[in-house]
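Residues in the sequence shown are numbered from 463 upward in steps of one, following the working numbering. Each residue gets a CB set at the ideal place from its N, CA and C atoms; glycine is no exception. In this text, all values refer to a predicted model and were calculated from it rather than measured experimentally. First the structure, in the form of structure tokens, and then the observations on it.
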Amino acid sequence: IETKIPAQSREVWNKHKVQKFSTAEEFEEKFISHVEWTLARSLYNCDDIAAYQATSQSVRDNLVIDWNKTQQRQTARDGKKVYYLSLEFLMGRALDNALINMRTDTSTHDVGSTDETLTKGNTSREMIRNAMKQLGFKLEDVLEQEPDAALGNGGLGRLAACFVDSLATGNYPAWGYGLRYQYGIFAQKIINGYQVETPDYWLNFSNPWEIDRWEIQVPINFYGYVDRSDKEKTTISPSDWIGGERVLAVAHDMPIPGFKTSTVNNLRLWSAKPTTEFDFAKFNNGDYKNSVEQQQRAESITAVLYPNDNFDQGKELRLKQQYFWCAASLHDIVRRFKKNKKPWSEFPEAIAIQLNDTHPTLAIVELQRILVDLEKLEWHYSWDIVTKTFAYTNHTVMQEALEKWPVGLLGHLLPRHLEIIYDINWFFLQSVEKKFPHDVDLLSKVSVIEEASQERYVRMAFLAIIGSHKVNGVAELHSDLIKTTIFQDFVKIYGANKFTNVTNGITPRRWLKQANPKLAELISETINDPDDDYLLDMSKLTALSKYAEDEAFQTKWNDVKQFNKLRLADLIKHLNDGVDIIDREHIRNTLFDIQVKRIHEYKRQQLNIFGVIHRYLSIKELLQSGASIEKVAERYPRKVSIFGGKSAPGYYMAKLIIKLVNSVAEVVNADTEIQDLLKVFFIPDYNVSKAEIITPASDLSEHISTAGTEASGTSNMKFVMNGGLIIGTVDGANVEITREIGEDNIFLFGNLSENVEELRYKHQFSNPGLPEGLVKVLNALESGAFSPQNSSEFRPLIDSIKHQGDYYLVSDDFDSYIATQDLVDQVYHKDKKEWLKKSILSVANVGFFSSDRCIEEYAETIWNAEPVKPE
Ligand code: CR6
């Protein structure tokens, strides 16, 4: 590897080689030096926030040493590099995760834990906990200081975060590329039952996890026009793209440590800043203020994350974000490739780029532009390189989520790119016509340009397919669906082999070890794996199966669940202004029923809350008919119904569902007549760090989307990994979860995806009459029972079912949902042993859903990339 340092100076460098801390003593020294030097504070004004900063800086120092070594090793070995382009990385907190993943080689120096209650099995985390204690701090309190890095909306963003963890753990030479938004997903407040959004300025106290690379600045151009005045010219040069606006992309790196390996990969996030170029024309006109203002506009590009999940809003600034990020990343990737002086033909052997949804599709166009306009390579030769490099992951079949950009808008922002898109499309359509002559219909169906309405649009998913060598869905059912619905014509053109499946996964480091230390400890003890190797090889969990019916073990298993339920009860009390709604005494016999995820009609939180209302009305009916509370409790045992999740700020129906949940909670929780048989709570501001407390506490979680709408879902996997059972539809990854853990261990209900179309069709014509139970619920809503001030408040929810075709099939699935909930009660309350057995068997067989498996599949079947292991 090249260096500017002369050979004779290397000795000095080597003599002063930086060292990682590896003992508690060394950590304490580091910590204090960061308090004094980095934070300019001292013993006298070091609070928990400062302690968090100093600890993070110290841990980061260790990571950076391994980061540097990893980068050198990966460069020297020159294996294929993988780049994961994602507009969202929903990372959550970094410190605890780094403590779990980091190796400090503590074998000889570990001071060990004297506190019996501490969790064993992670020496570096325990060492830091002890050292913190020595320094006068409690690790848990210090960890709480860290704001979530919430640069994502939901599943797609969290998937990217799990992937970078698994890429590092698997020692793959892989970088993530994204945007460094100043504002992550908004913080959700609930005021009078309504969602109110407040900005999430997460960089408030500076971010110890990022390394600012002010030296890496990439100029990015927008607007302007392509000069074609020289009719003699046959090719276009970058200099022919004239005028417009220029901003700089600056790199910020986050180290991503692998688990039980010294590999530390990189997550590079770009931020926008003005160029130092000066607009002389404006200045000469005396318009100094205006020219400064225009420059300031640059920063707005990376100011905020768009808060929509599964919905395409089509705003110009969003397209600007996309190009800014794609161009900066591509420039960076190409620059690194060119250092090697390899021929361009080797680009696809050296580099794989994975597109996380269609958001980075412009990267395809940008690489073609780089090769043709800058490098002057022939069109088809370039296009061959491009298509061999890219692969595209689709995450939805829902029309409203599929990106399309008005041709006018795209051409205005990126004039040269629109030309290239037209050319890509022209060559593509030619090849289609050759294969299917005279099929004019087909040509318009697969064209990248949609011409159906007045406005013409660029269909990004089609462009992504055409520019990629592989297209994958995220669960088997979903991958099958895309082949028969939205992409069926492309299967006809390319054959089925271009389309594949990689079922999503989650990292067990964060979602088991970090979120549920008690369960992790019980597992490692039971399967005799003190070093937590099962976190790398989840098939080891199958050893739990033999204890599934062991009563002593079941008791321990249940104790862990109770501990986690108490932890959640504490959080709920805290969020409920100190008012406790959960009866601690009966918590063992109270079923925690949880649905936390983005609020969306297709995810059907409305079905869940209608079910809650149904239960409430039924309890009231029984009481009114004279039944004693004990008798009622036999039919409707204790249950806490917990909801959480954000709605897109402009999504009216989703916001109304949030209001309904809160209104129902108000009525039900205040009703002393039903005592504690039913409680309802909406957890405000659901995010990654709250998920780490919520997920381990579920007895039951709800994954009840209309069949065929949820591409995969990943929280379903998290709940199962934490010993919670699932009530769910035959949708997304629920299908494979059922296959892995066994159909006896999951509560499935509802219509199948193959019947959805027909059911919807029928709704248009006939009104077969709603199920009796649902009618009761809707009548109660209509009567204003949950909205005394405004009895028509929930009218739109009622109408969507009664008068607007019930698109999400709530009425079709209602009865089977209620019947299945009854079955859940039966097993939970009448046969606890059976319940615990199901829970244990679920965890024993959840291994398939580790994101490590998922990344291995991508590496083998899509990227053709190999790990680069440390010596
Ligand atoms: N909203 C899917 O809806 C899937 C994730 C990750 C989603 C969800 O079922 O688990 O992606 N889709 O693959 C999109 O974001 C478009 C999601 O998170």
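Let me know the secondary structure DSSP gives MET716 once reduced to three states.
-> If you number the sequence shown from 1, residue 716 lands on position 254. In the structure shown, MET716 sits in a strand (DSSP, three-state: E or B).
Determine the contact status of LEU1003 and ASN1307, defining contact as a CB-CB distance below 9 Å.
-> Here the question's residue 1003 lines up with position 541 in the sequence shown. Here the question's residue 1307 lines up with position 845 in the sequence shown. Their beta carbons are under 9 Å apart, which means LEU1003 touches ASN1307 by this criterion.
Delimiting residues of the alpha helix (DSSP H) encompassing GLN950 = Counting from 1 along the sequence shown, the entry for residue 950 is found at position 488. Taken as a continuous stretch (DSSP letters only), the alpha helix (DSSP H) holding GLN950 covers 950 to 956.
Could you name the residues of the same chain whose beta carbon sits closer than 6 Å to that of VAL474, not counting the 5 residues immediately before and after it, in chain order?
-> If you number the sequence shown from 1, residue 474 lands on position 12. So the list is empty, once near-sequence residues are dropped.
Check whether the Cβ atoms of GLY554 and ASN1149 sit closer than 9 Å, and answer yes or no.
-> Numbered from 1 along the sequence shown, position 92 holds the residue referred to as residue 554. Numbered from 1 along the sequence shown, position 687 holds the residue referred to as residue 1149. Closer than 9 Å, so yes.
Between GLY776 and the rest of its own chain, which residues show a CB-CB distance below 6 Å, the 5 nearest in sequence each way excluded?
-> Taking the first residue of the sequence shown as position 1, residue 776 is located at position 314. None.
How is the beta strand (DSSP E) around TRP806 delimited, first residue to last?
-> Within the sequence shown, numbered from 1, the residue matching residue 806 stands at position 344. Looking at the DSSP string, TRP806 is not in any beta strand (DSSP E), and its letter there is neither H nor E.
How about GLU461: is its Cβ closer than 8 Å to a heavy atom in ligand 1?
-> Shown here, the chain extends from 463 to 1333; a query on residue 461 therefore has no answer.
Segments of 3+ residues assigned as beta strand (DSSP E) that fall wholly inside the segment 771 to 839 = 813 to 818
Measure from the alpha carbon of ASP702 to the alpha carbon of each residue in ARG831, TRP867, ASN530 and SER1312, then state which is nearest.
-> Taking the sequence shown and counting its residues from 1, one reaches residue 702 at position 240. Considering only ARG831, TRP867, ASN530 and SER1312, the residue with the shortest C-alpha distance to ASP702 is ARG831.
Three-state secondary structure (DSSP) at VAL573?
-> Locating residue 573 in the sequence shown gives position 111, where the first residue counts as 1. For VAL573, the predicted structure reports a pLDDT of 39, less than 50, and the residue's modelled location is therefore unreliable. A value from the coordinates is still provided. Coil.
For PHE1072, collect the residues of the same chain with a Cβ closer than 6 Å to its Cβ; drop the 5 residues on either side in sequence, then sort them by chain order.
-> Mapped onto the sequence shown, residue 1072 falls at position 610. Excluding sequence neighbours, PHE1072 sits near VAL1239.
Ligand 1: which residues have Cβ under 6 Å from any of its heavy atoms, chain order?
-> GLY616, GLY617, LEU618, LEU621, ASP771, ASN772, ASP819, HIS857, THR858, ALA863, VAL936, ASN966, GLU1172, ALA1173, SER1174, GLY1175, THR1176 and GLY1194
May I ask which residues mark the beginning and end of the beta strand (DSSP E) holding ARG972?
-> Taking the sequence shown and counting its residues from 1, the one referred to as residue 972 is at position 510. Per DSSP, ARG972 belongs to no beta strand (DSSP E) and is neither H nor E.
Any idea if ASN1326 is buried or exposed, counting beta-carbon neighbours within 10 angstroms, 16 or more meaning buried?
-> The residue given as residue 1326 occupies position 864 in the sequence shown. Answer is exposed; the Cβ neighbour count stays below 16.
In chain order, what residues of the same chain lie with their CB nearer than 6 Å to the CB of ASP1147, ignoring the 5 residues before and after it?
-> Working through the sequence shown from its first residue, we reach residue 1147 at position 685. The residues are ALA649 and GLN650.
What residue from TYR1114, LEU597 and ALA1247 has the CA that sits closest to VAL1129's CA?
-> In the sequence shown, residue 1129 corresponds to position 667, counting from 1. Of the candidates TYR1114, LEU597 and ALA1247, the one whose C-alpha sits nearest the C-alpha of VAL1129 is ALA1247.
Return no unless some Cβ of chain B is closer than 9 Å to the Cβ of GLN892.
-> No chain B is part of this structure, which consists of one protein chain only.
When the Cα of ALA977 is compared with those of SER1160, ASN1070, ASP846 and ASN1241, which residue comes out closest?
-> Residue mapping note: residue 977 aligns to position 515 of the sequence shown, counting from 1. The candidate whose alpha carbon is nearest that of ALA977 is SER1160.
If we ignore side chains and look at the alpha-carbon of each, how far apart do ASN1241 and GLU938 end up?
-> Stepping through the sequence shown from its first residue, residue 1241 is reached at position 779. Stepping through the sequence shown from its first residue, residue 938 is reached at position 476. Their Cα atoms are separated by approximately 40 Å.
Close Cβ partners of PHE483 (< 8 Å) along its chain, the five nearest in sequence each way excluded | Translated into positions along the sequence shown, residue 483 becomes position 21. Correct list, in chain order: PHE489, GLU491, LYS492, SER520, ASP523, ASN524 and THR566.
Range covered by the beta strand (DSSP E) that runs through VAL497 | As a first step, residue 497 must be located in the sequence shown, where it is residue number 35. Taken as a continuous stretch (DSSP letters only), VAL497 belongs to no beta strand (DSSP E), as it is neither H nor E.
Could you please give the first and the last residue of the uninterrupted alpha helix (DSSP H) stretch that includes VAL474?
-> Numbered from 1 along the sequence shown, position 12 holds the residue referred to as residue 474. Element bounds for VAL474: 472 to 477.
Shortest alpha-carbon distance to LYS1264 belongs to which of TYR884, LEU1243, SER930 and THR962?
-> The residue given as residue 1264 occupies position 802 in the sequence shown. Nearest C-alpha to LYS1264: LEU1243.
Please name the residue in ASP1268, LEU1187, GLN536 and LEU1232 whose C-alpha comes closest to that of GLU1220.
-> In the sequence shown, counting from the first residue as 1, residue 1220 sits at position 758. GLU1220 has its Cα closest to that of ASP1268, out of ASP1268, LEU1187, GLN536 and LEU1232.
With DSSP as the reference, label THR568 as helix, strand or coil.
-> Taking the sequence shown and counting its residues from 1, one reaches residue 568 at position 106. Because the pLDDT of THR568 is 41, which lies under 50, any placement of that residue in the model is unreliable, and the number read from its coordinates should be weighed accordingly. Three-state DSSP puts THR568 in coil, outside helix and strand.
Measure the CB-CB distance between ILE1166 and GLY1185 and report whether it falls below 9 Å.
-> Your numbering for residue 1166 matches position 704 in the sequence shown. Your numbering for residue 1185 matches position 723 in the sequence shown. In this structure, GLY1185 does not lie closer than 9 Å to ILE1166 by Cβ.
Segment limits, beta strand (DSSP E) that includes LYS1059 = For the purposes of this step, residue 1059 is taken as residue 597 along the sequence shown, with counting starting at 1. First-last for LYS1059: undefined, no H or E at that position.
Determine the direct distance from the alpha carbon of GLN757 to that of TYR750, and round the result to whole angstroms.
-> Sequence index remark: in the sequence shown, residue 750 carries index 288 (1-based). Sequence index remark: in the sequence shown, residue 757 carries index 295 (1-based). Those two C-alpha atoms are separated by around 11 Å.
By a C-beta neighbour count over all protein chains shown, 10 Å radius and 16 as the cutoff for buried, is GLY870 buried or exposed?
-> Walking along the sequence shown from the start, residue 870 turns up at place 408. So GLY870 ends up on the exposed side.
Cut-off 8 Å between Cβ atoms - residues of its own chain near LEU1028, not counting five sequence neighbours on either side = For this step, residue 1028 is matched to residue 566 along the sequence shown. Taken in chain order, the residues that qualify are ARG1046 and ILE1049.
Go ahead and pull the three-state DSSP assignment for THR579.
-> As a first step, residue 579 must be located in the sequence shown, where it is residue number 117. Interpretation of THR579 is limited by its pLDDT of 32, a score under 50 that renders its predicted location unreliable; the figure taken from the coordinates is listed afterwards. Coil, per DSSP.
Check whether the segment 1255 to 1262 touches the segment 1295 to 1311, counting contact only when three or more Cβ pairs, one atom from each stretch, lie closer than 8 Å.
-> Touching, no, given that fewer than three Cβ pairs across the two stretches are closer than 8 Å.
Are there 16 or more other CB atoms within 10 angstroms of the CB of PRO719, so buried, or fewer, so exposed?
-> The count along the sequence shown starts at 1 and reaches residue 719 at position 257. Buried, since its Cβ has 16 or more Cβ neighbours within 10 Å.
Which full runs of the beta strand (DSSP E) of 3+ residues lie inside the segment 879 to 926, going along the chain?
-> 919 to 921
By the 10 Å Cβ neighbour count, where 16 or more other Cβ atoms means buried, how is ASP1206 classified, buried or exposed?
-> As a working note, residue 1206 is residue 744 in the sequence shown. Per the 10 Å Cβ criterion, exposed.
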